[in-house]
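Before any comments, here is the structure.
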Amino acid sequence: MSDRADRPDHAGEIVNPEDLPAQFELPEQAGVARDGIAEDAATRPGDPEGEHVHEMSSPTEQLAPALDIDARLTEIERRVNLLVNVTPLNAAEAWADFERSDFGTAPTLRLRPLEFDPDLVQRDLYDLEVENVDDPALHTLFRAKRDEIARQITALEDRDTSRFLYGSLQLYGTVATPLAVAAEELLETIPPQAPSTQTVTAGAFADAARAEFERYRAVYPDFPVSVEVRADVSELMVSFGRLLIPESAAFRADRVEPLLHHEVGTHVVTYQNGARQPLTLLTIGLPGYDETQEGLAVLAEYLTGGLDPRRLRVLAARVVAVGKMLDGADFLDIFESLRTDHRIPARTAWSIAIRVVVGGGSVKDAIYLRGITRILDALAEGSRLDVLLVGKLALDHIPLVQDLLDREVLDAPWIRPRWLDVPGAQERLERLRAGATVTDLYEGDVAA
1 MSDRADRPDH AGEIVNPEDL PAQFELPEQA GVARDGIAED AATRPGDPEG
51 EHVHEMSSPT EQLAPALDID ARLTEIERRV NLLVNVTPLN AAEAWADFER
101 SDFGTAPTLR LRPLEFDPDL VQRDLYDLEV ENVDDPALHT LFRAKRDEIA
151 RQITALEDRD TSRFLYGSLQ LYGTVATPLA VAAEELLETI PPQAPSTQTV
201 TAGAFADAAR AEFERYRAVY PDFPVSVEVR ADVSELMVSF GRLLIPESAA
251 FRADRVEPLL HHEVGTHVVT YQNGARQPLT LLTIGLPGYD ETQEGLAVLA
301 EYLTGGLDPR RLRVLAARVV AVGKMLDGAD FLDIFESLRT DHRIPARTAW
351 SIAIRVVVGG GSVKDAIYLR GITRILDALA EGSRLDVLLV GKLALDHIPL
401 VQDLLDREVL DAPWIRPRWL DVPGAQERLE RLRAGATVTD LYEGDVAA
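In full-length UniProt numbering, the protein residues as written are 1 to 448.
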């Protein structure tokens with residue numbers, strides 16, 4: 001079930017001219033000029049002005065001024081680095097203190113100081129002459145991206161205040177009733193699972209990640225490898241193509257492969273595909289892309305058989321936790337509700353609750369379940385996944401990106417993710433195309 005009403009107004013805002021194709025398919029002959037261009041670029045036999053013919057500029061050259069704005073927007077968002085700047089520095093120590101208090105004292109989380117001056121970056125942002133971009137679709141896209149970055153900067157300035165929550169809502173949207181109902185249904189349908197006893201260390205996970213990068217490099221030799229075990233991050237994440245692994249983390253052994261398909265096969269692959277495009281925003285993400293990107297990553301887990309009952313319950317519990325936070329619950333209330341009402345293990349409940357209250361209140365974790373819900377809707381409508389692999393974009397950007405592919409401004413995706421080709425993946429994908437809800441992703445007490 002789709003819940004588009006909860007999307008922030010600015011997210012994914014694009015021009016959708018009537019002549020833009022709405023389908024997901026890549027052009028059948030990507031790179032072939034449109035009818036008439038070859039005739040315009042050359043001189044017919046006997047043309048008296050043939051001796052003065054000049055070569056037509058390429059589509060990319062024609063958009064050079066717009067692509068300069070694109071590059072500068074990308075550089076500014078890299079400086080802002082929202083993801084890293086809302087990640088606690090002391091999560092491991094805070095958990096130890098919380099456990100020693102017998103789960104009775106709310107943790108104090110420390111966030112890193114900003115390494116940029118918000119006023120100066122805002123000035124740089126609004127100095128960009130977006131109004132001079134002639135292409136109407138790109139003009140609207142750049143305005144939306146500029147506004148999104150401005151909201152990110154304001155949110156970072158508002159960390160550890162009640163205002164941070166309002167910035168988070170502007171960036172990621174709220175929890176609409178259909179999503180809340182789906183989350184509760186998942187938690188009621190899937191029985192609680194015993195905590196996993198087999199884990200791997202951060203170092204072992206890093207080794208597995210490097211091996212996954214090498215599998216891609218066997219097919220794409222220029223695929224960069226960037227794996228870092230870090231003491232200053234609390235969650236597994238990809239930041240600008242780099243896989244960052246928390247030094248203190250322990251990972252469920254049976255979750256290693258699906259996590260690699262999620263992080264490397266989706267987040268890193270779409271980053272590197274975007275890096276091959278002249279539109280550099282496809283590396284950091286078009287406005288409002290996060291929801292679709294996380295939905296695609298959850299799909300990768302499912303197609304590879306790794307979206308098991310525990311993981312589905314976590315995704316649902318995140319939505320429930322966000323809802324409770326929006327209703328005014330504090331960290332301890334959320335933690336206790338997850339444990340008692342939904343029988344979430346203490347360490348998992350801690351992780352969910354921390355992610356929801358960090359900075360003053362974050363709604364971002366609702367996008368995982370909402371994202372996969374909308375991906376399922378799109379698949380049932382007959383859509384393909386190809387265009388979503390060009391870079392980091394939202395479902396709403398498909399017409400624009402398809403148009404840029406048709407105009408030869410963008411290229412077909414460089415890398416095909418491995419999760420599309422593991423045994424059973426295509427069969428699972430075809431089942432989803434027949435129509436499925438998130439509850440249908442639960443297949444009993446075995447991995448999907």
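Don't be surprised by glycine CBs; every beta carbon is placed ideally from N, CA and C.
All of these numbers come straight from a predicted model, not from anything done at the bench.
Query raised in the report: Can you tell me whether residue 424 is buried or exposed, with buried defined as 16 or more other CB within 10 angstroms of its CB?
Result: The residue given as residue 424 occupies position 424 in the sequence shown. Residue 424 should be labelled exposed.
Query - Which listed residue (289, 290, 347, 367) has its alpha carbon closest to that of residue 323 - result: Within the sequence shown, residue 323 is the residue found at index 323, counting from 1. The residue with the shortest Cα to Cα distance from residue 323 is 367.
Query raised in the report: In angstroms, rounded to a whole number, what distance separates the CA positions of residue 407 and residue 374?
Result: Here residue 407 refers to the residue found at position 407 of the sequence shown. Here residue 374 refers to the residue found at position 374 of the sequence shown. In a straight line, the C-alpha of residue 407 is about 28 Å away from that of residue 374.
Query - Boundaries of the beta strand (DSSP E) in which residue 252 is found, first to last residue - result: What you label residue 252 is simply residue 252 of the sequence shown in a count that begins at 1. That run of the beta strand (DSSP E) goes 250 to 252.
Query raised in the report: Are residue 393 and residue 286 touching if we call contact CB-CB under 8 Å?
Result: As a first step, residue 393 must be located in the sequence shown, where it is residue number 393. As a first step, residue 286 must be located in the sequence shown, where it is residue number 286. Their beta carbons are under 8 Å apart, which means residue 393 touches residue 286 by this criterion.
Query raised in the report: With a CB to CB cut of under 6 Å and the five nearest residues on each side skipped, what residues in its chain are close to residue 132?
Result: Taking the sequence shown and counting its residues from 1, the one referred to as residue 132 is at position 132. Excluding residues within five positions, none has a Cβ falling inside 6 Å.
Query raised in the report: Beta carbon of residue 193, beta carbon of residue 253: below 8 Å?
Result: Reading the sequence shown from its first residue, position 193 is the one you call residue 193. Reading the sequence shown from its first residue, position 253 is the one you call residue 253. No, these two residues do not count as a Cβ contact at 8 Å.
Query raised in the report: Is the CB-CB distance between residue 234 and residue 88 below 8 Å?
Result: Locating residue 234 in the sequence shown gives position 234, counting from the first residue. Locating residue 88 in the sequence shown gives position 88, counting from the first residue. The answer is yes: Cβ separation under 8 Å.
Query raised in the report: Are there 16 or more other CB atoms within 10 angstroms of the CB of residue 370, so buried, or fewer, so exposed?
Result: Walking along the sequence shown from the start, residue 370 turns up at place 370. With 16 or more other Cβ atoms within 10 Å, it is buried.
Requested in this report: Can you grab the Cα-Cα spacing for the pair residue 258 / residue 415, in whole Å?
Outcome: As a working note, residue 258 is residue 258 in the sequence shown. As a working note, residue 415 is residue 415 in the sequence shown. So the two alpha carbons sit approximately 18 Å from each other.
Query - Length-filtered (4 minimum) alpha helix (DSSP H) runs lying within the region 280 to 359 - result: 281 to 284, 290 to 303, 309 to 326, 331 to 342, 346 to 357
**Report entry** Under the three-state DSSP convention, the category residue 52 falls into
**Finding:** Translated into positions along the sequence shown, residue 52 becomes position 52. Bear in mind that the predicted position of residue 52 carries a pLDDT of just 47, short of 50, making it too unreliable to give a figure here.
Query raised in the report: Taking residue 251 as the reference, which of 305, 196, 303 has the closest Cα?
Result: Taking the first residue of the sequence shown as 1, we reach residue 251 at position 251. Minimum Cα distance to residue 251 is reached at 196.
Query raised in the report: Who are the Cβ neighbours of residue 317 in its own chain at under 7 Å, not counting the five residues just before and after it?
Result: Working through the sequence shown from its first residue, we reach residue 317 at position 317. Cβ neighbours of residue 317 beyond the five flanking positions: 187, 338, 342, 344, 352.
Query raised in the report: Exposed or buried, residue 58, counting other C-beta atoms within 10 Å across all chains shown (16 or more means buried)?
Result: Counting from 1 along the sequence shown, the entry for residue 58 is found at position 58. By the 10 Å Cβ count, residue 58 comes out exposed.
Requested in this report: For residue 172, count neighbouring C-beta atoms within 10 Å of its own C-beta (all shown protein chains included) and say buried if the count is 16 or more, exposed if not.
Outcome: Against the sequence shown, residue 172 aligns to sequence position 172. Buried, because 16 or more other Cβ atoms sit within 10 Å of the Cβ of residue 172.
Query - Enclosing alpha helix (DSSP H) for residue 215 [first to last residue] - result: For the purposes of this step, residue 215 is taken as the residue at position 215 of the sequence shown. Where residue 215 is concerned, the enclosing alpha helix (DSSP H) stretches over 202 to 219.
Query - residue 227, DSSP secondary structure in three states - result: Locating residue 227 in the sequence shown gives position 227, where the first residue counts as 1. Residue 227 falls in the strand class under three-state DSSP.
Query - Whether residue 119 touches residue 63 by CB criterion (8 Å) - result: Here residue 119 refers to the residue found at position 119 when the sequence shown is read from its first residue. Here residue 63 refers to the residue found at position 63 when the sequence shown is read from its first residue. No, they are not a contact pair.
Query - Secondary structure, alpha helix (DSSP H): runs of 4+ residues fully inside the region 404 to 441 - result: 425 to 433
Report task. Work out the CA separation of residue 98 and residue 231 for me, nearest whole Å. Result -> Along the sequence shown, one-based indexing puts residue 231 at 231. Along the sequence shown, one-based indexing puts residue 98 at 98. Their Cα atoms are separated by approximately 19 Å.
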